[in-house]
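Colleague: With full-length UniProt numbering applied, the sequence shown corresponds to residues 1 to 553, in that order. Note that beta-carbon positions come from the ideal geometry of N, C-alpha and C, so glycine has one too.
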Amino acid sequence: MSTDDESFHPLGKEWEDDLEAMLDDTEYDNELGMEMAQDAMRVTKGELSEAEFHERYHEDVMEEFGEDQRPTKEAYEAAQEEASGTVSNMLDAFDGDGDETRRETMKKMGVGAAAVGLGAWGTADDGEEPLAAAEGGHGPRQETTEESDTQWGMTIDLERCDGCLTCMTACTQENDIDKGVNWMYVMAWEDENNGGPGEDGGTDVYTDFNMGSDFNMLVRPCQHCTDAPCEKVCPTTARHTRDKDGLVLTDYDVCIGCRYCQVACPYGVNYFQWDEPSVDYEDIDGNEDPEDPDEITHAEYEHGERWVDSRAPRGVMSKCTMCPSMQDGKQGEEKVGTTACESACPPGAIQFGNVKDEASDPSQHREHPTKSRAIIHLVNSVESTKSAPSADQVNEALSDGDDLETAIENIDGLTSDILAVMKSIEIVSEGMEPGDSENNSILEGEQQILAAVEAFEQYVDLETEEAYAELGLGDGSEQQAQFRLEQYAGDPSSFQLLEDIGTNPNVTYLGQQPGPEAYQVEGPTKYEDQDLLDKRQEALDEETIGRVDGVSL
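1) Pull the bridge partners of Gly353 from the DSSP assignment, please.
2) Can you name the start and end residues of the beta strand (DSSP E) that His240 belongs to?
3) Taking the beta carbon of Asp475 as the centre, do at least 16 other beta carbons fall within 10 Å, making it buried, or is it exposed?
4) Which residues in the same chain as Asp534 place their Cβ atom closer than 7 angstroms to its Cβ, once the five residues preceding and following it in sequence are excluded?
5) Leaving out the 5 sequence neighbours to the left and right, which residues in its chain are closer than 8 angstroms to Gln151 when beta-carbon positions are compared?
6) Which runs of the alpha helix (DSSP H), 4 residues or longer, sit entirely within the UniProt domain "4Fe-4S ferredoxin-type" (246-275)?
7) Between Glu367 and chain B, is there a C-beta pair that is closer than 9 angstroms?
8) Would Ala21 be called buried (16 or more neighbouring beta carbons within 10 Å of its own) or exposed?
9) For the alpha helix (DSSP H) containing Arg373, name the first residue and the last one.
10) Within the continuous alpha helix (DSSP H) that includes Leu462, where are the two ends?
11) So the candidates are Leu398, Gly348, Gln458 and Gln393; which of them puts its Cα closest to the Cα of Ile442?
12) So, using beta-carbon positions, are Ala359 and Leu485 closer together than 9 angstroms?
13) Around the C-beta of Gln512, are 16 or more other C-beta atoms found within 10 angstroms, so that it is buried, or is it exposed?
14) For the alpha helix (DSSP H) that contains Glu35, what are its first and last residues?
15) Are the beta-carbon atoms belonging to Gln530 and Met168 less than 9 angstroms from one another?
16) If Thr525 sits next to Arg366, beta carbons under 8 angstroms apart, how far is it from one beta carbon to the other, in whole angstroms?
17) What are the start and end residues of the alpha helix (DSSP H) that includes Asn410?
18) From this set, Met154, His377 and Asp176, which residue's C-alpha is nearest Met322's C-alpha?
19) Among Val43, Pro346 and Gly401, whose alpha-carbon lies nearest the alpha-carbon of Val460?
20) In the DSSP assignment, what residue or residues form a beta bridge with Leu218?
21) Have a look at Ile411 and Ala481 and give me their C-alpha separation to the nearest angstrom.
22) Is the region 157-175 close to the region 247-259, with three or more CB pairs under 8 angstroms?
23) Express the C-alpha separation of Ser399 and Ala451 in angstroms, rounding to a whole number.
24) From which residue to which residue does the beta strand (DSSP E) around Thr508 run?
25) Are Ala455 and Ala391 touching if we call contact CB-CB under 9 angstroms?
26) For Glu522, count neighbouring C-beta atoms within 10 Å of its own C-beta (all shown protein chains included) and say buried if the count is 16 or more, exposed if not.
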């Protein structure tokens, strides 16, 4: 634990102090939580092995959290009860004001990692053997033999974000979370090099593409890290990574609310459910398909496996889940590969999908940002003067013998600038097919644009010197086409938050990266205007929560 003014936590000394004060108010060992969090980040940085980390805290964790005895007959029986919903019902009925705390209830039932079929914190590396799965000890994590070819993630275009907060509203409604529990968080920021609207360093350029936003924006969901420190410090393995798709989730039935994950998270995205949730479990939106009452579509389906979706019950942790009920097809196959925030975003700033699939939207947006930006804008724009025509529209409007100027005039909404961008997309296109994977709308949009250009060229040759000059494409080379696209959509840099921590986040950003001294400022849309709260503590008793659920950069 840090003993001087230098903080181990990426969010700074003030944040670290708030977290330590928060742990002081819990029934758990605050020093243990802080030390484990610090060392968990050392593991992600490669300064400490998984085996060393596990062994260093094994005895302390056993002493602090009690019956984490795996495998045992009692734990196995508890797992069977959980499968039938018994554990869920018992924990749903948990009353923190009664004689038993949730922690004590969990201990008596023997519910730990073994109850849900998972092993301990991590595997040994550097040739070291993991600790044996003896009675009262931690066993090795049960890993699959084959790595999954799916890893859900996002690419978020910060220059496309207009700060409307629609994604936050959609997340709140989809998951029935309490006001101020912002699993998706949108903030405007400034730092020493980037001012606000109208100031030096601010974003003052207004184009069709950037939607006229002149704020520096940051959109912050959980990063669903491949190497998540929050998972390493969880004594019950409630915080876990799903093997099949890499989502970092919280098992609400197993979480004891120690809040160690909140301390270990470098991004500040965890929330503790202090009171009874504002929406009762049976009233969670989407728990039951109205056309088929026997079909479970949302949170309830996880019972018998793991309850990881929608709002958390009292006394446990929650965060962004990237909508697992959608990814598992429980809300219909058409929603696989989508999230509530992405679907609701008006300017299309959020691209969600399988980041391991090069044809997916987040991969295309990350690897070819200028081209994909142009495609998104031309295909998704609701204004005809900013959108690309379809091949059918081209064929209906043009006739043999049309010259370039006449052809452009004959197609409603088409301009020479839009046609130039369409032709540029064709020139730089790699010809990749969308395929059958989920959420590949960028390549689908590219196919639409290529078809329209092909239709146009049946009437007018766009590969003459005169046509290139008219469209501002120079000699028609790939280099000239790329330059034309950059004129239209910019050439954004890409980054991941806190890359040096080594957590391998699965969210990539396009645009301006906040500096280390960045701070939040009021954005273009006020939270209260969207019935949102900037900080959770505004809805809670100040003496109960302090300010630890606030937001820092």
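Modeller: Looking at the atomic coordinates:
1) In DSSP, Gly353 forms a bridge with Gly153.
2) His240 -> beta strand (DSSP E) spans Arg239 to Thr241.
3) exposed
4) Tyr527
5) Taken in chain order, the residues that qualify are Thr226, Asp245, Gly246, Asn354, Val355, Lys356 and Asn506.
6) 260-264
7) Absence of chain B from the displayed structure is noted, only one protein chain being present.
8) exposed
9) Pro369 to Asn380
10) Leu462 -> no alpha helix (DSSP H), and no H or E assigned at all.
11) Gly348
12) no
13) buried
14) Asn30 to Thr44
15) yes
16) The Cβ separation is near 27 angstroms, so there is no contact.
17) Segment Leu404 to Asn410, the alpha helix (DSSP H) holding Asn410.
18) Closest by alpha carbon: Met154.
19) The option with the nearest alpha carbon to Val460 is Gly401.
20) Met187
21) 23 angstroms
22) no
23) 17 angstroms
24) Val507 to Leu510
25) yes
26) Counting C-beta atoms within 10 angstroms of its own C-beta, Glu522 has fewer than 16 neighbours from the protein chains shown and is therefore classed as exposed.
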